[in-house]
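A.B. asks: My questions will all concern the structure given below.
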Amino acid sequence: TLHALRLEVGDEMFFEILRTYAERFRYGNASTADFIALAQEVSGMPLDALFYVWLLGETVPPPEAIGLS
Numbered sequence: 001t002l003h004a005l006r007l008e009v010g011d012e013m014f015f016e017i018l019r020t021y022a023e024r025f026r027y028g029n030a031s032t033a034d035f036i037a038l039a040q041e042v043s044g045m046p047l048d049a050l051f052y053v054w055l056l057g058e059t060v061p062p063p064e065a066i067g068l069s
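Quick note on numbering: this note's numbering labels position 46 of the sequence shown as 46, and the sequence is numbered without any gaps.
The structure is reproduced here in structure tokens:
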């Protein structure tokens, strides 16, 4: 899921999401919903479909979906 997110938003934005996540939740806990909301907030992109496919879908996409064989 994280690699799919990285491919979707690009390296610079992906690492900005991770930095913001680490800062915001440094001394606490975060849910999956918290991470999704933060990723959308920081990137300014609607990422619901990406996270649905990778986290809530009935099957996991094949490795080829993220450039793996």
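Ideal Cβ placement from N, Cα and C applies to all residues, glycine included.
For the pair the region 57-65 and the region 15-27, tell me if three or more CB-CB distances fall below 8 Å.
C.D. replies: Contact fails: fewer than three Cβ-Cβ distances are below 8 Å.
A.B. asks: If we count the other Cβ atoms within 10 Å of its Cβ and call it buried at 16 or more, is Leu50 buried or exposed?
C.D. replies: buried
A.B. asks: Just how far apart, CA to CA, sit Glu23 and Ala30?
C.D. replies: 12 Å
A.B. asks: Taking the Cβ atom as the reference point for each residue, do Thr20 and Leu55 lie within a distance shorter than 8 Å?
C.D. replies: No Cβ-Cβ contact shorter than 8 Å links Thr20 with Leu55.
A.B. asks: Would you report the Cα separation of Tyr52 and Thr1, rounded to the nearest angstrom?
C.D. replies: 10 Å
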